[in-house]
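For reference, the structure discussed in these notes is given below.
There are 2 protein chains.
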Amino acid sequence: MRRLSLIDAVSMSGNEIIWIDQTKLPFKEKYVGSSSVSRLCTAIKRLEIRGAPLIGIAAAFGIAAAAANSDAKDSDALLRELKSTAKRINSTRPTAVNLQNCINRMMKKAEELPSLPKKTMAKRLREEAYRIKDEEEKASASMGRYGSTLIKNGDVILTHCNTGSLATAGVGTALGVIRTAYASGKNIKVIACETRPLLQGARLTAWELKRDSIPFELITDSAAAYAMKNRGVSKVIVGADRILLDGSTANKIGTYALAIIAKEHNIPFYVAAPVSTIDPRTKTANMLKKIEQRSPEEVLNVLSRLRIAKDANALNPAFDITPGSMISGIITEKGVARKPYQKSLAKAIRGA
Amino acid sequence: MRRLSLIDAVSMSGNEIIWIDQTKLPFKEKYVGSSSVSRLCTAIKRLEIRGAPLIGIAAAFGIAAAAANSDAKDSDALLRELKSTAKRINSTRPTAVNLQNCINRMMKKAEELPSLPKKTMAKRLREEAYRIKDEEEKASASMGRYGSTLIKNGDVILTHCNTGSLATAGVGTALGVIRTAYASGKNIKVIACETRPLLQGARLTAWELKRDSIPFELITDSAAAYAMKNRGVSKVIVGADRILLDGSTANKIGTYALAIIAKEHNIPFYVAAPVSTIDPRTKTANMLKKIEQRSPEEVLNVLSRLRIAKDANALNPAFDITPGSMISGIITEKGVARKPYQKSLAKAIRGA
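As you go down the protein sequences, you meet chains A and B in turn. The working numbering puts the last residue of the first sequence at 352; the count rises by one with no breaks. The working numbering puts the last residue of the second sequence at 1352; the count rises by one with no breaks.
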């Protein structure tokens, strides 16, 4: 087994949430500690903490930290306070359903607890948050194992954005599959899309791949079609921020393009995501409303550091939607779901 | 008629070639003057001068300047010198066939001239270079008129890279069509892809569109599929660096992806390029060899000014190839060529 180098991207120490500031990577490995929910919300909005499963975990820690740091006089007052905290954290980013799911789970736990002393309640919530993190870590490992069975020696795998240790707990989702296959001894090569505007591929995925010594080439997003045509890409694997029961997948902007290009070249296109990413409630017709539109400034500049265009209108959707029909399989911790997704994804949720 | 604001991107003054340094745009409008062929070659390699027709024009001026500044003792010596100059300029960039075509034309002119005095020969070559520029300007205007007939009121036109005044003489190729339609009073909107790695869309096309007050939105390259699906894109129009007789089109990296995505959404996909871009000699099987691979540093950095990834392998093809089957029409100064291109493009060349 080749060894993988994992990052603990978010955790708690005492009453503080600790995270690696991903906006500073790969040049600075800076950890931030804060007990402030406002600071956490800023960190999620600014993508210091990002990745669908990871922002779910961070939100859970946020609620645990709010409970631990609360001045509420009794558990009723605490519950009211947590409800307001939950609302604030939930409003940071609209697309990744994991955020909402983790918050709901934490609030359900808080409401289930009888009138325990505040301190005990905080302790239980912290335990629940760590349980979520632990489950996501196990889900990553399981996704890695299931996904790895799809990978052959010699595969050239194209991926987008960052879906590794920095996007969840453990090995990651799509990148977790790639890393698990590599760790198991398969000789593979990765082509990583840089992922404008915020360059999670160039900054984060390249950094993680390098730490694990996995061979890779970085490309601009627009070179993906060239790579699929001329560089022997044999699989595309990406993550997800929200998956509907019909397989419609919201993921980082550019994913839908990759799915179309993969289809044109008859290259299998896989999504890897934990069951916590599946949203059985939203209807396909309403999915577009869940797509976060971010500031035009992210397009007019590179990483807030280099201006590349004069004042101009810019369209900056953070995600796009890939229809289930274009997805060869959805790799979850329960196995690889296949079409028809309506059935296979419902089964994955029930089994979760 | 709405007025358009044209740029004179390359010209001569005395024995010097004068160009606007496009690497400095849109923040500085800096003109450079030099009589040195070495300096001109550097300018073409660095993309201070870029755009398939424009580098052809610049090359013609380069040969004219070399003749004007030569110390050769007689016209035979001058011819030998010019042959070496031609070779140097021709080696700067391999994909745009216009470069080669213009150089061949200048050298043919040089060889045709009887043993004229050096000064007269230089004068004639300068006239020939200006004739080339003048023809490209007229070709732009004609492409604009033909292409404009395809544009309807209310069209949303997606384009890539820069194909305006900065890419040729006159209004431009693809952007020339857009501008001509707008100038004629059609209400259109443009979606401009930023065009990583060198951001010609964000820096140059946005700048040209703004000067002309044409409504536009800038997007990252990976948002093109989102835009075609959700923002009413009704046409895609791009330029070309080399078009084979079967319609295979080498153009800025990302073009092939746009063609595939347009096909998926049943959006017409047009190429606009002067007949000087058509290459009747290269076979489709050999086209990939003509694709320039540029430095990985362009991917690992943004505009040599901001590092975005640690040391890593990066693949940086400057162009990709779109098959003729995906192209709805090729707009030239001779009209809109339609399938089968073998016939229509051959006819365009004969008529040129």
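Idealized CB from N, CA, C, for every residue including glycine. Remember, it's a predicted structure, so these values are computed and weren't measured experimentally.
Just to check my reading of the structure: residue i and residue j have Cβ atoms closer than 8 angstroms, yes? What is that Cβ distance to the nearest angstrom?
i: E1333/B; j: S1038/B; result: 33 angstroms between Cβ atoms; not a contact.
i: I1157/B; j: I1188/B; result: 6 angstroms
i: N101/A; j: G56/A; result: 6 angstroms
i: A1240/B; j: A1285/B; result: Contact doesn't hold; Cβ gap of about 19 angstroms is too wide.
i: C1193/B; j: G1232/B; result: Rounded, the Cβ-Cβ distance is 16 angstroms, inconsistent with contact.
i: V275/A; j: I349/A; result: 6 angstroms
i: A1312/B; j: A206/A; result: 5 angstroms
i: A58/A; j: I17/A; result: 7 angstroms
i: T1085/B; j: G1062/B; result: 7 angstroms
i: I191/A; j: A227/A; result: 5 angstroms
i: R1126/B; j: A1181/B; result: Not quite, the Cβ-Cβ distance comes to about 35 angstroms (not below 8 angstroms), so this is no contact.
i: L245/A; j: L345/A; result: 5 angstroms
i: L1113/B; j: Q1022/B; result: In fact, because the Cβ distance is near 33 angstroms, the residues do not count as touching under 8 angstroms.
Could you name the residues that DSSP lists as bridge partners for residue i?
i: P1317/B; result: Q1293/B
i: C193/A; result: I219/A
i: N15/A; result: DSSP output for N15/A lists no bridge partner at all.
i: I1237/B; result: Y1270/B
i: A1031/B; result: Position check: residue 1031/B holds Tyr in this sequence, whereas Ala was assumed. Partner(s): I1020/B.
i: G335/A; result: T332/A
i: I1243/B; result: T1249/B and I1278/B
i: T1322/B; result: T1249/B
i: N301/A; result: R307/A
i: V1010/B; result: W1019/B
For the beta strand (DSSP E) that residue i lies in, which residues bound it at each end?
i: L1158/B; result: V1156 to T1159
i: R211/A; result: Premise fails: R211/A lies in the alpha helix (DSSP H), A206 to R211, not in any beta strand (DSSP E).
i: R331/A; result: The question names Arg, but residue 331/A in the sequence shown is Ile. Residues G329 to T332.
Give a yes or no on whether the minimum CB-CB distance between residue i and chain A is below 8 angstroms.
i: N1162/B; result: no
i: Y1341/B; result: no
i: S1248/B; result: no
i: E1217/B; result: yes
i: R1050/B; result: no
i: A1072/B; result: no
i: R1203/B; result: yes
i: Y1226/B; result: yes
i: A1206/B; result: yes
What span of residues does the alpha helix (DSSP H) with residue i cover, start to end?
i: R3/A; result: Element bounds for R3/A: n/a, residue is neither H nor E.
i: N90/A; result: S75 to N90
i: G1147/B; result: K1118 to S1148
i: V171/A; result: Element bounds for V171/A: n/a, residue is neither H nor E.
i: A59/A; result: A52 to A68
i: E111/A; result: V97 to E112
i: R39/A; result: V37 to K45
i: L1345/B; result: Y1341 to G1351
i: N1230/B; result: A1224 to N1230
i: I1260/B; result: T1255 to E1264
Just checking: is the beta-carbon of residue i within a distance shorter than 8 angstroms of some beta-carbon in chain B?
i: K210/A; result: yes
i: A43/A; result: no
i: T92/A; result: no
i: N230/A; result: yes
i: R80/A; result: no
i: A240/A; result: no
i: S222/A; result: yes
i: A174/A; result: no
i: A167/A; result: no
i: A96/A; result: no
Is the shortest distance between the beta-carbon of residue i and the beta-carbons of chain D less than 8 angstroms?
i: R1179/B; result: Looking at the structure shown, chain D is missing, and the protein chains on hand are A and B.
Of the residues that make up the region 250 to 269 of chain A, which ones have a beta carbon closer than 7 angstroms to any beta carbon in chain B? I253, G254, Y256, A257, I260, I261 and E264
Going along the region 1019 to 1036 of chain B in order, which residues come within less than 9 angstroms of chain A, judged by CB to CB distance? P1026 and F1027
At a CB distance below 7 angstroms, what residues from the region 1308 to 1326 of chain B approach chain A? Give them in sequence order. I1308, A1309, K1310, A1312, N1313, A1314, L1315, P1317 and D1320
Using a Cβ-Cβ cut-off of less than 9 angstroms, give me the residues of the region 1272 to 1305 of chain B that come near chain A, in sequence order. L1288, I1291, P1296, E1298, V1299, L1300, V1302, L1303 and R1305
Interface residues of the region 178 to 200 of chain A facing chain B [CB-CB below 9 angstroms]: I191, A192, C193, E194, T195, R196, P197 and L199
Please list, in chain order, the residues of the region 98 to 129 of chain A that have any C-beta partner in chain B closer than 8 angstroms. none
Which residues, taken in chain order from the region 1052 to 1065 of chain B, show a beta carbon closer than 7 angstroms to some beta carbon of chain A? none
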